[in-house]
Structures are given as C-alpha cells and as structure tokens.
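Data block below; observations after.
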Amino acid sequence: MDKKKIKNSLVDGPITPEKIANSIAHHQVKTNIGGHDIFLGQVRADEIDGKEVKAIDYSAYDEMANKIFDEIREAAFEKFDLTCGHIYHSKGLVKAGELCLFVFTSSKHRAMAFEATRYITEEIKAKAPVFGKEIFDDESHQWKVNQ
Amino acid sequence: MDKKKIKNSLVDGPITPEKIANSIAHHQVKTNIGGHDIFLGQVRADEIDGKEVKAIDYSAYDEMANKIFDEIREAAFEKFDLTCGHIYHSKGLVKAGELCLFVFTSSKHRAMAFEATRYITEEIKAKAPVFGKEIFDDESHQWKVNQ
Amino acid sequence: MTLKLKYFGMVAEASGKEEELLDGAFLSVQELEEGLLLKYPNLSEINFKVAVNQNIVERDFKLKGDEEVALLPPFAGG
Amino acid sequence: MTLKLKYFGMVAEASGKEEELLDGAFLSVQELEEGLLLKYPNLSEINFKVAVNQNIVERDFKLKGDEEVALLPPFAGG
Chain A
1 MDKKKIKNSL VDGPITPEKI ANSIAHHQVK TNIGGHDIFL GQVRADEIDG KEVKAIDYSA
61 YDEMANKIFD EIREAAFEKF DLTCGHIYHS KGLVKAGELC LFVFTSSKHR AMAFEATRYI
121 TEEIKAKAPV FGKEIFDDES HQWKVNQ
Chain B
148 MDKKKIKNSL VDGPITPEKI ANSIAHHQVK TNIGGHDIFL GQVRADEIDG KEVKAIDYSA
208 YDEMANKIFD EIREAAFEKF DLTCGHIYHS KGLVKAGELC LFVFTSSKHR AMAFEATRYI
268 TEEIKAKAPV FGKEIFDDES HQWKVNQ
Chain C
295 MTLKLKYFGM VAEASGKEEE LLDGAFLSVQ ELEEGLLLKY PNLSEINFKV AVNQNIVERD
355 FKLKGDEEVA LLPPFAGG
Chain D
373 MTLKLKYFGM VAEASGKEEE LLDGAFLSVQ ELEEGLLLKY PNLSEINFKV AVNQNIVERD
433 FKLKGDEEVA LLPPFAGG
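Which chain is which? The protein sequence lines are A, B, C and D, in order.
Sequential numbering of the first sequence, starting at 1, is according to the working numbering.
Sequential numbering of the second sequence, starting at 148, is according to the working numbering.
Sequential numbering of the third sequence, starting at 295, is according to the working numbering.
Sequential numbering of the fourth sequence, starting at 373, is according to the working numbering.
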C-alpha cells in the first residue's frame, strides 16, 4: 500500500479571491516561472423549469477524491513541463457567483501551463468523486451531473 | 475616424495579486458565468551569458497598444462566446518574479474561456507594440524579443 | 467478514444513510449490488459506479469481504 | 508639412531620442526610412516595423507628410 501523505485539496465552502491572491503571491519567489494559467469554476444561477439555482451543496468521497486529485496532478507533471500545479475544490455550500474550483499551474513557458490547466480541469470533471446538490430558490433540489 | 473611448489597459509597474483578487471578486455578481480562465505573465530571472535578469523595464507605444488590446478583445468576443474579457499589461519596471500581464476571460462554459485566454495571450505577444529592456544584475541590459 | 459501505449524493438519498456495515457472503460486486437493490429499490434508478478501497471496479470484481465499498453516483465536480 | 516621428525600445536607443519632428519631402515610408538611415546609421542593425497613425504599413505606403510615424522594434509584451 502506498503510505505517502496525500495533500488535502478540499476546501470548506467557497474558494475566496483572497486565497487565490495569496497563492499567486507565493509564486513570486519562483523566478524560473514565466507564465501561470488559472481556471476558476463558478456556480451558475441556472434556471431549470422556472426555478433558479441559488447554491450548490458539494459533497465528496474525501479520501478517494484527494487520491484522484493527487493522481491527476502527478499525471500533469509527467505530461507537461511544469514548475507548479495546484488543485482546490470546495466542499459544502457554495452560492451562485462563488467559486468552487481553483486549478493553478505554472511553467517556464506559457504553452505548458495552458495545456496543463485545461487537462487537469477536464480530468477533475471526469474522475473526481465529487457530488453537487443544486439548491433552488424554493428550497427544492436536484443533483448536478457533469456532461 | 473612430472616436470611441478606448480603455487604458496599461498599468504602472507590476500587476499585484490584490488587483487580480479584486478583479475576480467583481465577477461574483455575474451569476451566468460558469468558468474563468486567467493567464499571468511573470518576469523570469533568466541567465544569459552568466548574467541574471533582475527586472524588465517595459515601454509601449501607448495609444497604439491600447488600440491593439481593444481590437484583440473585440476579436475574442467575436470568436468565442464570452461574458467578460480583460487585458492588463505593465509599463515601467517589473522585477523578476513579479507579474507583467493579466488576461482574464469568463464564459458560461469553460471551453470558451480556455480558448479565449490563450488566443488573447498569443495575439498580445504577436501584435502589441510593447517593448522590454531586460536589466541584468550588473546594470547592463539587452532588449527582449518575443519568439 | 464485514463490508464497510459508503453512499454519496443521490445514492445516499436513496438509501437514507451515508454509510453502513454489512455482513453477508457477497462474492462479487455484482452479488453485492443485487443484495443492495433488494434492500433499496430506488437504487435501480441511479446510474452509479462502484469503488472498492477507493478504486473504481467492474461488476465482476471479486470481494474478499472486508473491503470499503462506495457507491458513486454521477460526478459533479468543477 | 511636418512628420511626427516616434521611436521605441532599441530604435530610441539608436536614435538617442523618443520623438522628433521632421520636415522634408518623403513620398513613401521607404523614402523616409532611407533618410533616417543616413541620419542614424545604427538603425540598419534593427529589424523594425513602421506604423503610420498607429497602423502598421508596408514600405511602399504613401505619405502625405503630416502623419505620426512610429518605428517599432521587435515586440516583447506578455
């Protein structure tokens, strides 16, 4: 069994702009980086059958989700020439307009960061055991399903 | 002559993480956005002939640069289904590790934002009349040339 | 031998619980699933995957009987 | 008629100035360039583009004589 410590990529509640700013600031000491690409997922107030989504309540199979995030990050480092790669996903309630996903890669040259962030984002949507309960303005709900 | 007011995309000195956080926060009221993609250009401490780049002093043909940024943004809105698109480029001294370019697009669906941010970044590198004097640790310099 | 079962999202809604311990001689994921469908008929409406010890497996995966088995409805991350 | 010339980056370094007004009968960008190369021989080492009133033009572009003409060395934005 692989006993290495797996990073916790799950964040309680929405991801704040301050967290993103701090994360960017921490990379300013890495002067071999030439470009960063950041993807942010934001909860949409979709209208479904006349009702509006006011929040998504995210749940996850925590241990497996963190293992999958770790595998995706490792795969990205093998595929692309990266300096850094980070993944943060919300758990719990995230209101419409708030951020639920933060993918951040950095590289010497921009092409690698562009490709890695996109790859990681698509992999998370396809493989991470994260579940989303879309809560409507009348307190009813439905379960979100990634396409 | 086109007399429309053109936005000033040039920023004095480095682009700060706080500016980026504020820009992200301003988009939280736009609840039709599902994904943002952000590219950040960072000055690298490249070693050239044994000397290390400690900063880039950016200059620009301001009016033309802003016109080009505006044209690139307009072209991106025509090509991709975007909700928002922003460009900020530094002028003046940006030290190694600091940020010189901030491209930020938002869309209902992630694919459009990924493609638009990349398109805008490549267009800026190819078309914007921005010039960069790489300043070495011994105060000598050379002029940066985009590949 | 006791399986530790974990339910998520709409699966947890259908079973009315997030986890439970289950005794019984289930030789494969397929057999376990048949047992759970009898217990929670609503599960039949859900398109779920099964993870054994955090790895997604096929229905013919053989169980030893002491694993952690999770029923995972469609993913919604990102 | 007076051209307003603007120099940037390594062009400004070669000419020793960032802008100047230039009188003279230059019928095309090509002719202007030949005049400037005589004035600033170092320019011959620089691969620059020419913008007339903020639009990049070819060497055969005709000048009226009152334009803003910018000499743009290789771009380095981003």
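Ideal Cβ placement from N, Cα and C applies to all residues, glycine included.
A contact is defined here as three or more CB-CB pairs under 8 Å, and the stretch 243-260 of chain B fails this definition with respect to the stretch 280-291 of chain B. Within the DSSP secondary-structure output, D37 (chain A) pairs in a beta bridge with A:T105, B:F186.
Contacts with chain B at 8 Å (Cβ-Cβ) do not include P129 (chain A). Per the C-alpha coordinates, the member of C:P368, C:S322, C:F320 positioned closest to N341 (chain C) is C:P368.
Contact check for V292 (chain B) and G160 (chain B): beta-carbon distance about 22 Å, past the 8 Å limit, so the pair fails to qualify. The residue from B:E165, B:D284, B:Q289 with its alpha-carbon nearest to that of K201 (chain B) is B:D284. Residue range 51-60 is occupied by the beta strand (DSSP E) that includes A55 (chain A), with no alpha helix (DSSP H) assigned at that position. Residue contact check for G132 (chain A) against chain C: a CB pair falls below 8 Å.
For N66 (chain A), the closest Cβ of chain B is not nearer than 8 Å. Taking H236 (chain B) as reference, the option from B:G188, B:S170, B:A222, B:E218 with the minimal CA-CA separation is B:G188. Close partners of F342 (chain C) in chain A (Cβ separation under 7 Å) are lacking, with about 11 Å as the shortest Cβ gap. Under a 10 Å Cβ-count criterion, H173 (chain B) is classified as exposed, with fewer than 16 other Cβ atoms of the shown protein chains found around its own Cβ. Sequence-distant partners of L316 (chain C) (beyond 5 residues in either direction) whose C-beta falls short of 6 Å from its own C-beta, in its chain, are L297, L299. Chain-ordered listing is empty here: chain A has no CB closer than 9 Å to the CB of T230 (chain B), the nearest sitting near 10 Å.
Nearest to E221 (chain B) by C-alpha distance, out of B:L246, B:K154, B:D184, is B:K154. Selection B:D204, B:E199, B:V250, B:Y208 evaluated against A223 (chain B) yields B:V250 as nearest (Cα-Cα).
Taking a C-beta cut-off of 7 Å against chain A, the contacting residues of the stretch 303-326 of chain C are G303, M304, listed in chain order.
Straight-line spacing of the CA atoms in M373 (chain D) and V424 (chain D) works out to 15 Å.
Short of 8 Å from the beta carbon of K177 (chain B), and not among the five residues preceding or following it, lie these beta carbons of its own chain, in chain order: T230, C231, S253. A check of alpha carbon separations from S9 (chain A) across A:I68, A:D46, A:S140 identifies A:I68 as the nearest. The CB of Y61 (chain A) comes closer than 9 Å to the CB of K300, F302, A345, Q348, A364, L366 in chain C, given here in chain order. For T374 (chain D), the uninterrupted beta strand (DSSP E) run begins and ends at 374-379, by DSSP. Distance from the CA atom of E286 (chain B) to the CA atom of C247 (chain B), rounded to whole angstroms, is 20 Å. The Cβ of N32 (chain A) sits closer than 8 Å to at least one Cβ of chain B. Chain order gives the chain D residues near H236 (chain B) as G449, G450, where near means a beta carbon separation below 9 Å. Per DSSP, the beta bridge partners of C231 (chain B) are B:S253.
K272 (chain B) sits close to G450 (chain D), with the two beta carbons spaced by under 8 Å. For I271 (chain B), the nearest beta carbon of chain D is closer than 8 Å to its own beta carbon. The Cβ atoms of S322 (chain C) and L331 (chain C) lie no closer than 8 Å to each other. Within the stretch 308-364 of chain C, complete beta strand (DSSP E) segments of at least 3 residues are found at 313-317, 343-346, 349-351, given in chain order.
Excluding sequence positions up to five before and after K51 (chain A), its CB lies within less than 8 Å of the CB of F136, D137, D138, S140, all in the same chain and listed in chain order. Residues L157, H236, K238, A275, P276, V277, F278 of the same chain have their beta carbon placed closer than 8 Å to that of A207 (chain B), with the five preceding and five following residues left out of the count. Judged by beta-carbon spacing, F39 (chain A) lies within the 8 Å limit of D184 (chain B), meaning their Cβ atoms are closer than that value. In the DSSP assignment, K280 (chain B) falls within the beta strand (DSSP E) that extends over 277-283. At a cut-off of 8 Å between beta carbons, Q42 (chain A) contacts chain B. Looking at the DSSP output, E269 (chain B) bridges to nothing.
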